[in-house]
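Report on one structure; see the data block that follows.
See below:
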């Protein structure tokens, strides 16, 4: 691989600089993405077309020297494959035609076969790996069991999670049944992505932060742990040896867990066995690092709205994040990212300024040898 | 006063049981509230009519043995009084006709005179105090400077806070100018409520949790501190002595600060000089208490959606919160509340079950003498 800085940081090995990628880096802030999406006809058609999904996955890498690619897909492919009927109404978020609201609907849930119902995803992974040709690693992903359940029970986005929390408090048995199926479906799905070529995987627990302390551990974290326990932790890759020969070898596949709004539970998330914990902008990275210790690496955490600033101001904000983390030391690792998906309103020049700032300042940090300083 | 349990808990004095009130307790889940609102013609007309505001303030107290009343009003009265033109579009949240978007609009902002532009609020406070006649204490309130600024700059609710964060990152000078005016306006406004009869005040920092660590301290917490520094900390009240005589005496007016999503910063919020810190459901009260220590009291923190459960399940959830906090000891105090406003979809019977469970279980806790147990 030409650039394995991202994987090295996740393995908490020394790197020359801090690797950076951005959640939703292939997205609507890029004119070329909008053009491809238009050709596809819709967001869902784009997700389901491996060639076009590959095209948009690579677009941000052609513009910016990012250190990882992430599979272009939707987090709701799994419940869609379960037969719930995912659709997107114009100008609205994702919705399901058949939300899971009663005992019969819960009983009918089953783990989909990823190489059948989700073949378009594993095809996309294979296509992207071929197109990347070792430039940077490819990240596969899924929503967390709880986050998938939120959409499945609510039937779409929600501001108060009334339907799912009513089920959680009234019928915890049904809730656990959904989450068990989801956890097994997510593990199977991520394993299929790994088998197809994903070199790291990320679990997006976008709505874990909506849960009460106690409920988070029972209804989200426990099922993230179940997913991680079911994951294949390595895959066979063609590796180039020091002498230039190529051999097939089993290499680890790190898993990143990101609970939005999960800063209060970071120690518990770090203890799940993930390679890295994702952190949003509400928790400073210095504090995150102190709390995680040498349990795993950390990914994050610039406020996506900082990219609305001038390039000079973005540089200042990027440096703040890097200085808050400090210089990586043995057993620690940092992957720079936003604390949430990039906004569709971001000027692409902002991303150039950010990536440049992260790469150049993190090289300087390592050169100066200052460690774990804090702003 | 017939029932001063709430004020005693805020002063961290011994109480016979844990006092309870609910954010938005006078609200749409009550049929009698909806009837009064209909008579008023609109939400804003209801807020601006002291007699009707008094009527709805007292409605939940007539149904449930709650330990405090809270002024019925809107958190955006201050920017409305600044001339921004608050209105509510049908089925939508609050909006401003003239959002603060440029330098000229920022320069034009000034602290309103509460006894002129906000007279309807202080009139409501006086009317409610008269009608309460010492039954329970009356809480006054305001949005925090940052939360008011969010609505003022966004022109309404927002999911990404793009307008205000663009200003924050690009023009921090303008942001600080707005927040300075807001802090002085909030302090003046709360002082007018205190002068009119409010026996405690609460600052709702509903959107503090949207800020990055660092930005929260600079753009929200610093201005909450400025408000607290400007507050009158006591007011003259007619107090009944042990021998039954009534005398005028200055009594303290405690201030509660509630940052939704602020669990990570609880020590810093507790250090502002507030009497109590409000906690949402993401931070367990046992942990909150350990972190706050004897700095101030704690208010919270049941997930409002727990009220969608059966009365038996609500009792279990209420006990979990009480047991997580443990038995109050010298220098500690707990006011039971939800972690956010009560949902309009809450069955009123749920509130009966909750208040009964809080009162009866907290009496048992004190009787058993077990302290600070944790589930």
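Protein chains in written order, with the working numbering: chain A, 1 to 375; chain B, 1 to 375.
Heads up, the beta-carbon is just placed ideally off N, CA and C, and yes, glycines get one too.
- In the DSSP assignment, residue 142 of chain B falls within the beta strand (DSSP E) that extends over 138-143.
- Leaving aside the five residues that flank residue 81 of chain B on each side, the residues in its chain whose CB is nearer than 6 Å to its CB run, in chain order, 112, 117 and 118.
- Per DSSP, reduced to three states, the secondary structure at residue 87 of chain A is strand.
- Judged by pairs of C-beta atoms under 8 Å, the stretch 90-97 of chain B does not touch the stretch 46-63 of chain B, as fewer than three such pairs exist.
- Burial is judged here by how many other beta carbons sit within 10 angstroms of a residue's own beta carbon; residue 43 of chain B has fewer than 16 and is exposed.
- Using a Cβ-Cβ cut-off of 8 Å, residue 336 of chain A does not count as an interface residue toward chain B, since no Cβ of chain B sits closer than that to its own.
- Relative to the Cα of residue 200 of chain A, the nearest Cα in the group A:319, A:142 and A:248 belongs to A:142.
- Pairing residue 9 of chain A with residue 254 of chain A, the inter-Cα distance amounts to about 10 Å.
- Under DSSP, the beta-bridge partners assigned to residue 277 of chain A are A:257 and A:298.
- Contact holds between the stretch 191-207 of chain B and the stretch 122-132 of chain B, because three or more Cβ pairs, one in each stretch, are under 8 Å apart.
- Under the Cβ criterion of 8 Å, residue 42 of chain A is not counted among the residues facing chain B.
- For the options A:189, A:102, A:227 and A:68, the alpha carbon positioned closest to that of residue 335 of chain A is the one of A:68.
- With three or more CB-CB distances shorter than 8 Å, the stretch 249-268 of chain A counts as touching the stretch 202-219 of chain A.
- Within the stretch 169-209 of chain B, the runs of beta strand (DSSP E) that reach at least 3 residues and sit entirely inside it are, in chain order, 200-205.
- One alpha carbon belongs to residue 175 of chain B, the other to residue 237 of chain A, and they sit about 52 Å apart.
- Between residue 355 of chain B and residue 65 of chain B, the C-beta gap is smaller than 8 Å, which places the two residues in contact.
- Uninterrupted beta strand (DSSP E) stretches at least 3 residues long and entirely within the stretch 40-111 of chain B occur at 86-88 and 94-96, given in chain order.
- Between residue 324 of chain A and the set A:282, A:349, A:309 and A:296, the nearest pair of CA atoms involves A:282.
- DSSP places residue 251 of chain A inside the beta strand (DSSP E), whose first and last residues are 246-252.
- Neighbourhood of residue 169 of chain A in chain B, by CB distance below 9 Å: 303, 305, 306, 307, 308, 309, 310, 313, 314 and 317, in chain order.
- When DSSP reads this structure, residue 334 of chain B sits in a beta bridge with B:298.
- Secondary structure note for residue 321 of chain A: its alpha helix (DSSP H) is the uninterrupted segment 311-325.
- Scanning A:349, A:77, A:250 and A:218 for the CA closest to the CA of residue 63 of chain A turns up A:349.
- Between the stretch 29-44 of chain A and the stretch 163-172 of chain A there are fewer than three inter-stretch CB-CB distances shorter than 8 Å, so the stretches are not counted as touching.
- Closest in C-alpha terms to residue 46 of chain A, from the list A:328, A:73 and A:266, comes A:73.
- Residue 353 of chain A and residue 280 of chain A have their C-alpha atoms some 20 Å from each other.
- Around the beta-carbon of residue 103 of chain B, fewer than 16 other beta-carbon atoms lie within 10 Å, marking it exposed.
- If you draw a straight line from the Cα of residue 85 of chain A to the Cα of residue 100 of chain A, it comes to about 11 Å.
- For residue 207 of chain B, the closest Cβ of chain A is not nearer than 8 Å.
- Cβ-Cβ separation between residue 178 of chain B and residue 109 of chain B: approximately 6 Å, consistent with a contact (criterion under 8 Å).
- With contacts defined by Cβ atoms closer than 8 Å, residue 297 of chain B and residue 275 of chain B form a contacting pair.
- Residue pairing of residue 239 of chain B in beta bridges, as defined by DSSP: B:247.
- Interface annotation, residue 173 of chain B: not in contact with chain A, CB-CB separation never under 8 Å.
- According to the DSSP assignment, residue 356 of chain B belongs to the alpha helix (DSSP H) that extends over 348-368.
- Less than 8 Å divides the Cβ of residue 18 of chain A from the Cβ of residue 362 of chain A.
- The criterion of a C-beta distance shorter than 8 Å is satisfied by residue 78 of chain A and residue 148 of chain A.
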